[in-house]
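Structure record follows, encoded as structure tokens.
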Amino acid sequence: FEAAVALEAASYPADEAASPDAMRARREAAGALFWLALDAQGGQVVGLINGTLTSADSLTAESMHAHEPEGTTLCIHSVVTHQRFQRQGLARAVLRRYLDIVAESQPAIQRVLLISKEYLVPFYESCGFSSLGKSKVEHGQDTWYELGLELRRSSVACLNAFADPRTRFSGNPAAVVVLPFTTRTLAQPEPQWVVDEVGLDARCEEWMKNVAAQMNLSETAFLRDLGSAEGGVHRFELRWLAPTSEVNLCGHATLASAGALWAGGLTNLDPTGAYAKASTFEFETRSGLLRAYRRDGGNTELDFPLIPSTEGDQAVLDTVVSALNIDPAQVEKALKVGSDYLVHARSRAVVLGAAPNFSELAKVEARAVSLTALADEDDPFDFVTRLFGPSVGINEDPFTGSACCYLGPYWGDKLGKSNLKVFQASKRGGIATIDVDTSADRVRLQGVTEVSWRGETLTTPFMPTAI
């Protein structure tokens, strides 16, 4: 306790640091919320976090001074680390772990509030807090800002991407979640401090996998807000999780993400209105930097990498055609494209009438197989397609944006044009416009999204899976 008092005194100006008597009172009144971080090797006190409970909706001098044992809001008073460990990510790891412990051991606590100086607001936002504006609390010489965190509720929305504007419940549904954290897990990851043998994002990673499995859609998109940039750009980290695995590229869940962020109150994923002001979203992903642009008519345009086709192993291609249950004489061409296969059928009727043997198709080492053909002359599209992915748990995908990254270049070369319209002839159906830029190896997809539903999960990345 003496070391904690010394750490508090060394971390705040004299008119802001809690006195030994105040700290002793907090420990005695709310000992379960008074935690020290100890160096696992030497036992030295390297961090301190403590708080009390209140029933108030916002922080005041009175609500911060008294501890209400029946309160459901945690008021954090101190978050400090030893000077030797500052600016190394330890404070973030310790605070994240503290929130995990509170969520696990204090089921009555629903919300967490604290006050911060302006220069520390980004730090607390990186830990999951949202800024609530200037605080009413006067404490020392500086202006303070209040931040809050919902410990047991997360907003989620489901959007139908590449939907047909002429009908509802078309396109491909994807769930979208904006995580409370602003740290990266892909490029430039956070230093991996281990607290209580738990890594910084271990619980969040577990939560994401469970949410994706619970949604049971082909993909659930998880976003981390990386802040705004110049020129109306807002940046995010974006990851796509299927019910059983993480995928490297997903077009429809990217379109759904952009649509959800721009939808404002329809999805409840933009509480401050910052996302609606952006004209462009930049997504850091496993497939590099992807961009989404807001276009006229409710359309969103995605800028994706072009995926070239190769000849592939003929024996495997023959196996793919056989598993599709179509007459080989009706196949114009079969190719390997990235982690997929492309089968060009001689007519639209072959594509629409195909009834694959999914158990045989699942044995093919590929993400999916696209069966495609030239559209009929009276169709408002250039080509039609269907995509089958039983090896990743999706017998037939409603619409596949990532497949357009190779279907667009393939049909663009065949038809001698760079702008194409595609209809994916699944049960739900979906449409998109594709612009192929072979000089830049990029494909731009335009489509619309339809908000299907919005809601809350009564779990968060701070809560344990086991009860």
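Quick note: the sequence shown uses this note's numbering, first residue 81, plus one each step.
We put the CB at the ideal spot given by N, CA and C, even for glycine.
The beta carbon of residue 413 is closer than 6 Å to those of 424 in its chain, skipping five residues each way along the sequence. Residue 478 counts as buried, since at least 16 other C-beta atoms from the protein chains shown sit within 10 angstroms of its C-beta. Bridge pairing for residue 526: 381 and 513 [DSSP]. In the DSSP annotation of this structure, residue 330 is not part of any beta strand (DSSP E), being labelled neither H nor E. Taking residue 475 as the centre and dropping the five residues before and after it, the same chain places the C-beta of 438 and 468 closer than 7 Å to its C-beta, in chain order. Annotated as distal: residue 135 and residue 123, with beta-carbon spacing of 7 Å or more. The residue among 117, 153, 320 and 162 with its C-alpha nearest the C-alpha of residue 89 is 162.
Residue 199 and residue 224 have their C-alpha atoms roughly 10 Å apart.
Residue pairing of residue 503 in beta bridges, as defined by DSSP: 464 and 511. Here residue 301 is actually not in contact with residue 329; their C-beta atoms are around 12 Å apart, not less than 8 Å.
Taking 7 Å as the cut-off, the beta carbon of residue 216 is found closer than this to the beta carbon of residue 140. As a beta-bridge residue in DSSP terms, residue 422 pairs with 415 and 450. If you draw a straight line from the Cα of residue 502 to the Cα of residue 231, it comes to about 43 Å.
Linking residue 335 to residue 370 through their CA atoms gives a straight-line distance of about 11 Å. Of the residues 397, 323 and 485, the one whose Cα lies closest to the Cα of residue 367 is 485.
When only Cα atoms are considered, residue 350 and residue 341 end up about 6 Å apart. Looking from the CA of residue 154, the closest CA among 174, 188 and 526 belongs to 188.
Rounded to the nearest whole angstrom, the CA to CA distance from residue 262 to residue 495 is 44 Å. Contact check between the segment 350-366 and the segment 393-403: fewer than three CB pairs, one atom from each, fall below 8 Å, which does not count as touching. Scanning its chain for C-beta atoms nearer than 6 Å, with the 5 sequence neighbours on each side dropped, one finds around residue 509 the residues 244 and 250, in chain order. It is roughly 41 Å from the alpha-carbon of residue 391 to the alpha-carbon of residue 281. Nearest in C-alpha terms to residue 176, of all of 205, 109, 195 and 332, is 205. When secondary structure is reduced to three states using DSSP, residue 317 falls in the strand class.
One Cα belongs to residue 347, the other to residue 378, and the distance between them is close to 16 Å. Burial state of residue 361 is buried, judged by a 10 Å Cβ sphere holding 16 or more other Cβ atoms.
Looking at 241, 192 and 109, the one whose alpha-carbon comes closest to that of residue 228 is 192. A Cβ-Cβ contact shorter than 7 Å links residue 453 with residue 427. In the structure shown, residue 437 falls within a coil segment according to DSSP collapsed to helix, strand and coil.
In the DSSP assignment, residue 231 falls outside any alpha helix (DSSP H) and carries neither an H nor an E. In the structure shown, the three-state DSSP call for residue 95 is coil. Straight across, the Cα-Cα distance linking residue 112 with residue 183 is about 12 Å.
A distance of 7 Å or more separates the beta carbons of residue 137 and residue 126. Here residue 134 carries a strand assignment [DSSP, helix/strand/coil]. When beta bridges are read from the DSSP output, residue 361 appears opposite 314 and 372.
Put simply, the backbone Cα of residue 514 is about 11 Å away from that of residue 384. Residue 512 places its beta carbon less than 7 Å from that of residue 527.
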